[in-house]
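The structure appears below as structure tokens.
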Amino acid sequence: MDLPSHYAAGELVSVLTTQPIDRFLDYKAPEGGCMQGAFVQVPLGPRQVLGVIWGPGKGDFDYSKVRPVTKVLDAAPMREDMREFLLRAGDYTLTPMSAMLRLATRAPGLSDPPSMQKVYRLGDSEPDRMTDARRRVLEVLEEYGGLSFTLKELADMAGVSSGVVKGLVQHGAVREEQAPRDLPYPRMDTDRRGKPLTDSQAAAAARLTDGVKEGRYGTTLLRGVTGSGKTEVYLEAVAACLAAGRQALVMLPEIALSEQFLVRVEERFGAKPVEWHSGVTMTERRRAWKMIGHGEAQLVVGARSALFLPYRDLGLIVVDEEHDTSYKQEDGVHYNARDMAVLRASLAGARVVLASATPSLESWANADAGKYDRVDLDSRFGVAVLPTMQSIDMRAERMEPGRWISPSLASAVQARIAKGEQSLLFLNRRGYAPVTLCRACGEQIACDHCDARMVEHRFLKRLVCHQCGESRPMPTECPSCHVEGKLAAIGPGVERMAEEVAAVFPNAKTAVLSSDLFSSARALKEAIAEIAEGDVDIVIGTQLVAKGHNFPRLTLVGVIDADLGLQGSDLRAAERTFQLMRQVAGRAGRAEAPGEALLQTHQPEHPVIRAILTGDEEAFWQAEAEGRRAAGMPPYGRLAALILSATDAQVAFAAGQDLARRAGPLTAIGAQVFGPAPAPIARVRGRHRVRMLVKADKGTALQGAVAQWVGQLRPHKDLRVAVDIDPQSFY
Ligand code: ADP
Ligand code: ZN
-1 MDLPSHYAAG
9 ELVSVLTTQP
19 IDRFLDYKAP
29 EGGCMQGAFV
39 QVPLGPRQVL
49 GVIWGPGKGD
59 FDYSKVRPVT
69 KVLDAAPMRE
79 DMREFLLRAG
89 DYTLTPMSAM
99 LRLATRAPGL
109 SDPPSMQKVY
119 RLGDSEPDRM
129 TDARRRVLEV
139 LEEYGGLSFT
149 LKELADMAGV
159 SSGVVKGLVQ
169 HGAVREEQAP
179 RDLPYPRMDT
189 DRRGKPLTDS
199 QAAAAARLTD
209 GVKEGRYGTT
219 LLRGVTGSGK
229 TEVYLEAVAA
239 CLAAGRQALV
249 MLPEIALSEQ
259 FLVRVEERFG
269 AKPVEWHSGV
279 TMTERRRAWK
289 MIGHGEAQLV
299 VGARSALFLP
309 YRDLGLIVVD
319 EEHDTSYKQE
329 DGVHYNARDM
339 AVLRASLAGA
349 RVVLASATPS
359 LESWANADAG
369 KYDRVDLDSR
379 FGVAVLPTMQ
389 SIDMRAERME
399 PGRWISPSLA
409 SAVQARIAKG
419 EQSLLFLNRR
429 GYAPVTLCRA
439 CGEQIACDHC
449 DARMVEHRFL
459 KRLVCHQCGE
469 SRPMPTECPS
479 CHVEGKLAAI
489 GPGVERMAEE
499 VAAVFPNAKT
509 AVLSSDLFSS
519 ARALKEAIAE
529 IAEGDVDIVI
539 GTQLVAKGHN
549 FPRLTLVGVI
559 DADLGLQGSD
569 LRAAERTFQL
579 MRQVAGRAGR
589 AEAPGEALLQ
599 THQPEHPVIR
609 AILTGDEEAF
619 WQAEAEGRRA
629 AGMPPYGRLA
639 ALILSATDAQ
649 VAFAAGQDLA
659 RRAGPLTAIG
669 AQVFGPAPAP
679 IARVRGRHRV
689 RMLVKADKGT
699 ALQGAVAQWV
709 GQLRPHKDLR
719 VAVDIDPQSF
729 Y
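Going by this note's numbering, 510 is the number at position 512 of the sequence shown; the sequence numbering is gapless.
Structure representation (structure tokens):
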């Protein structure tokens, strides 16, 4: 669509605001006019709200009563590809445009005038005395030519205290000036070389960089076993993108923990990338948002929300660990950042690299169908070899009650301790025990607001609901029969494993890695660094440890309960278990010492367990794909979920039954409707949840039909409706 690029003062413009009124509003362009896409402040009732100039006004309102735009904000106007992205992503996920705009403007203070701060640049006199620290500061400033830095940036880059910089200011060797707060970021040095690549890495890197240089959309699946050098390889693609003058985005799950990655980027390009995640300060967010819009930030490393930043010229998106479930946002706007990355790139003419050791079936199938290019790295870098994997048949082990480490696993751990190597015991369960049972009356303590058991967290001395986060002090008597001292912990959690480890290996130094045990991302980072340095014999961890950390001395991974993910009827149970087990096993033997993974299981002949052990990934995927194809399930068919919730269960059910009777729009596209049925977790935070599932053939116009179908619902003040296109979880 061709839009005028500028609107003269008084001309009618249509404005999309962040307010949940689902239509565009007419305003008059302000004095001086405004650009198409400009971010603006407009009056709405008594308030001033954020909006964006979306196009010419509709003029269906008395001109004399139309109010003018209050002011145009100091930010780069929204670009055409971004606007198209918001429209298409909103259509795909059935999200109102106001909510899409909120995703795209998650930076505070966008409407504040630019404020000033002190910055530092090269001065023109010599200091009286040259020290190493002073020389480093001056070198940084020389290297970056005319650029200026904040005190902290400069001191960090030179590796000196801020006092050193202040000293240089006194001598006039460094100049202190006032400058707008939102400064451009230091340039990335793309002339630097990365590590010399092996032949297979170089071939993979060439495939990726060739794609980037084409300057057109395309997606490559980079499948490489853990430790094969995927990161080194895709950083070459990043370098090619930056060298071409375009911006790059690397998305990571658990970005707040990705210290090692940030260090690698800095080593590779001589400067830190822009970080974008919930742990970033408000001022830094605003700076990042604005500079990305002006093209003054080259490389962004971020969480899924970084997709909605206003890139001026995006040339590459890397989705690392592309199979990771945290890319799917499941509250507010339901979207899958991996899929949205592909959409965004296709509109921006950018390349996508999906990197993983264990790709999602979706991406594997897209590569299989030729929609994505695929590049494989099949061996680990250097002398590191893939761990050998074996099962421990728990039916044959002599287990004491209340113990979960089998004698076979215990002796393998003992052997590692004797050699000064690390072991990881993996159990994907936070807390002390998943169930607290009253031995007097049989009651299992449950959350008052949810249909979930409370989980004992012994470090906190509390019971916690993993569904809603509600917690209460650990009781001494049963809340149901009030008998004292009969509460018993049933089953293991990581905290309980720590107890068992202390009993079985009294002299070992242990560390528990579970997201809830650390007050801050920083504390967790420190714990991870300590383990990497080797000061721990046994690590006990949840799936947190599966994600990309390098522990060089770790040579044994013991999976406490490999069957855990196989229970339940989740569509992706097999896929998830396979991915998680292979990822966890991949933690072992990343340096010289070879690694071993031992899986405790009661069903060693289960096809998924066998596939994990043999590592025959292609066979596993083929089998999984065939099963899904036969059942018409994703990625060979399409699903949409509807979650109706209300404080009164009857309201949610009645709404579901009403919709079930009016399935016309869905049957018109040949789709099937299942439900209403109580959700597996039927109550969360006091709201009763009812689910419906729509199943359609691939290639049908699912969203339009779902929108029409749900549109028939009569609004009810107690009823909340959420649509989840391509649902990943079914709780
Ligand atoms: P992946 O992302 O596939 O798990 P990484 O890129 O993290 O693999 O590489 C694993 C380890 O091997 C890292 O410590 C990395 O620095 C090192 N490495 C990989 N390739 C090379 C190379 N060509 N030269 C030197 N070190 C390398
Ligand atoms: Zn709860």
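We put the CB at the ideal spot given by N, CA and C, even for glycine.
Excluding the 5 residues flanking residue i on each side, which residues of the same chain have their C-beta closer than 6 angstroms to its C-beta?
i      : result
Asp757 : Summary: the structure shown does not reach residue 757, with the chain confined to residues -1 through 729, and so no result is reported for it.
Ser358 : His321
Asp722 : His332, Ala639
Asp391 : Pro602
Val316 : Tyr232, Val248, Val351
Met76  : Gly35, Val50
Ser512 : Arg428, Val492, Thr540
So is residue i buried or exposed if we call it buried at 16+ other beta carbons inside 10 Å?
i      : result
Gly165 : buried
Met452 : buried
Lys228 : buried
Ile488 : exposed
Gly170 : exposed
Val350 : buried
Phe457 : exposed
Lys693 : buried
His547 : buried
Phe424 : buried
Met249 : buried
Glu622 : buried
Glu624 : exposed
Tyr370 : buried
Asp60  : exposed
Return yes when the Cβ of residue j is within less than 8 angstroms of the Cβ of residue i, no when it is not.
i      : j      : result
Ala36  : Gly8   : no
Met280 : Leu305 : no
Glu468 : Tyr430 : no
Thr16  : Thr103 : yes
Gly31  : His4   : yes
Met98  : Ala87  : yes
Arg295 : His275 : Note that residue 295 corresponds to Ala in the displayed sequence, not to Arg. Cβ atoms of Ala295 and His275: not closer than 8 angstroms.
Ser404 : Cys439 : no
Leu14  : Val50  : yes
Val70  : Leu10  : no
Ala506 : Ile538 : no
Leu139 : Leu120 : yes
Phe267 : Thr188 : yes
Ala751 : Ile667 : Only positions -1 to 729 of the chain appear in this structure, which leaves residue 751 out of reach.
Does the CB of residue i have a neighbour CB from chain C at under 8 angstroms?
i      : result
Leu642 : Checking the listed chains, one finds no chain C in this structure; it contains a single protein chain.
Leaving out five residues on either side along the sequence, give the residues of the same chain with a beta carbon under 8 angstroms from the beta carbon of residue i.
i      : result
Glu174 : Lys116, Val117, Tyr118, Val167
Leu375 : Ser198, Gln199, Ala202, Leu220, Arg221, Gly222, Val223, Ser226, Gly227, Lys228, Val231
Lys150 : Ser160
For residue i, tell me which candidate among the options has the shortest Cα-Cα distance.
i      : options                        : result
Gly613 : Gln577, Ala629, Ala628, Ala638 : Gln577
Asp724 : Trp707, Ala639, Gly702         : Ala639
Arg310 : Ala544, Asp79, Pro184          : Asp79
His278 : Pro678, Val298, Val462         : Here the sequence assigns Val to residue 278, which means His is not the residue at that position. For Val278, the nearest C-alpha among the options comes from Val298.
Leu85  : Val708, Leu101, Ile315         : Leu101
Lys670 : Asp514, Ala650, Arg636         : A small correction: the amino acid at residue 670 is Gln; Lys does not occupy that position in the sequence shown. Measuring from the Cα of Gln670, the nearest candidate turns out to be Arg636.
Arg580 : Met76, Glu615, Asp568          : Glu615
Met690 : Ala650, Ile290, Gln706, Arg681 : Ala650
Pro632 : Val11, Ile679, Ser727          : Ser727
Tyr25  : Gly55, Ile19, Gly43            : Gly55
Leu717 : Ala653, Leu485, Ala658         : Ala653
Ser12  : Pro18, Gly53, Leu42            : Gly53
Arg393 : Gln39, Ala720, His600, Ser256  : His600
Arg570 : Pro385, Arg626, Ala353, Ala647 : Arg626
Val373 : Ala241, Gly209, Asp180, Ala644 : Gly209
Pro730 : Ser354, Ala367, Pro490         : There is no way to answer for residue 730, as the model of the chain reaches only from -1 to 729.
Ala73  : Pro44, Ile290, Leu152          : Ile290
Note down, in chain order, each residue of its chain lying with its Cβ closer than 7 angstroms to the Cβ of residue i, except the 5 sequence neighbours on either side.
i      : result
Leu664 : Val671, Val692, Ala703, Trp707
Thr575 : Gly563, Leu564, Val606
Original post:
Is the region 601 to 617 touching the region 325 to 343, taking contact as three or more C-beta pairs under 8 angstroms?
Top reply: no
Subject >> Three or more C-beta pairs below 8 angstroms linking the region 353 to 369 and the region 279 to 293 >> reply: no
Original post:
Does the region 535 to 552 come close enough to the region 411 to 421 to have 3 or more Cβ pairs within less than 8 angstroms?
Top reply: Taking one beta carbon from each stretch, the region 535 to 552 and the region 411 to 421 have 3 or more pairs nearer than 8 angstroms; the two touch.
Original post:
If we count Cβ pairs, one from each stretch, closer than 8 angstroms, do we get three or more for the region 505 to 524 versus the region 559 to 566?
Top reply: no
Original post:
So does the region 492 to 503 actually touch the region 436 to 445, counting three or more Cβ pairs closer than 8 angstroms?
Top reply: no
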